[in-house]
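Colleague: Numbering (my numbering), first residue to last: 15 to 188.
Every residue gets a Cβ at the ideal spot worked out from N, C-alpha and C, and that includes glycine.
Just passing along the structure, written as structure tokens.
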Amino acid sequence: MQEIFLCSISNVRSGDCKEDCAYCTQSSHHQGAIKRYKFKDEKVVLQEARALRELGALGFCLVTSGRELDDEKCEYIARLAKAINQEELGLHLIACCGRADLDQLEFLRDAGIHSYNHNLETSQNFFPKICSTHTWEERFITCENALRAGLGLCSGGIFGLNESWEDRIEMLRA
Numbered sequence: 015m016q017e018i019f020l021c022s023i024s025n026v027r028s029g030d031c032k033e034d035c036a037y038c039t040q041s042s043h044h045q046g047a048i049k050r051y052k053f054k055d056e057k058v059v060l061q062e063a064r065a066l067r068e069l070g071a072l073g074f075c076l077v078t079s080g081r082e083l084d085d086e087k088c089e090y091i092a093r094l095a096k097a098i099n100q101e102e103l104g105l106h107l108i109a110c111c112g113r114a115d116l117d118q119l120e121f122l123r124d125a126g127i128h129s130y131n132h133n134l135e136t137s138q139n140f141f142p143k144i145c146s147t148h149t150w151e152e153r154f155i156t157c158e159n160a161l162r163a164g165l166g167l168c169s170g171g172i173f174g175l176n177e178s179w180e181d182r183i184e185m186l187r188a
């Protein structure tokens, strides 16, 4: 028998990303009808965590818009992780905050983050057709850093961006 690991996300920082990823409503290059805010209030995130756990979620992903972790985002996510873990909800905490170096990911791990989500999105070959402000290689390095930091890694992609079957297979093999 297989188990289903139900996760939910909280978009704790929304909009105004400077990257030009063709698929993303968070990008300031697109006119997505989204709420834009710098950081969600910690009390709101804690309420979300409690409610989601009551509904059966086992994982909770803290998602921020933007290219990468900076000191401010890193501290904010660490604060949230510590506060959620103090609630003793038993949630598997995941962060999804863009490009990150090894030190940042170790800092988040030490603060109570269990896994890092960083999607490759598509194949290395097709990536320049959907984003010009960073590279697929940068994304891959972040995935490697998450594993080196001792975090679990959640990484995926998007099908239907006009990529070929070969591109899909290449992404899956990465």
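Do three or more CB pairs link the region 125-134 to the region 92-101 at distances below 8 angstroms?
Modeller: The answer is yes - the region 92-101 touches the region 125-134, with three or more Cβ pairs under 8 angstroms.
Colleague: Rounding to the nearest angstrom, what Cα-Cα distance links S22 and V58 in this structure?
Modeller: Cα to Cα, S22 sits roughly 15 angstroms from V58.
Colleague: Using only the alpha-carbon positions, how far apart do Q118 and A163 sit?
Modeller: When rounded, the distance between both Cα atoms is 9 angstroms.
Colleague: For F141, which of helix, strand or coil comes out of DSSP?
Modeller: Note: F141 maps to helix in three-state DSSP.
Colleague: By the three-class DSSP mapping on this structure, what secondary structure does R27 have?
Modeller: Residue state, collapsed to three classes: strand.
Colleague: Would you grab the beta carbon distance between P156 and R113 for me? Rounded to a whole angstrom, and I think it's under 8 angstroms.
Modeller: Sequence check: residue 156 is Thr here, not Pro. With 8 angstroms as the limit, T156 and R113 qualify as a contact, their Cβ atoms being about 5 angstroms apart.
Colleague: Keeping to the same chain, check which residues put their C-beta closer than 8 angstroms to that of G70; ignore five residues upstream and five downstream.
Modeller: Taken in chain order, the residues that qualify are L20.
Colleague: Report yes or no: do the region 167-179 and the region 137-144 share at least 3 C-beta pairs separated by less than 8 angstroms?
Modeller: The region 167-179, when compared against the region 137-144, does touch it at the 8 angstroms Cβ threshold.
Colleague: Can you check the region 70-94 for any beta strand (DSSP E) of at least 3 residues that lies completely inside it and give the ranges in chain order?
Modeller: Fully enclosed beta strand (DSSP E) runs of 3 or longer: 73-78.
Colleague: Does DSSP put I98 in a helix, in a strand, or in coil?
Modeller: Helix at I98.
Colleague: Tell me whether R153 sits in a helix, a strand or coil according to DSSP, three-state version.
Modeller: Here R153 sits in helix by DSSP.
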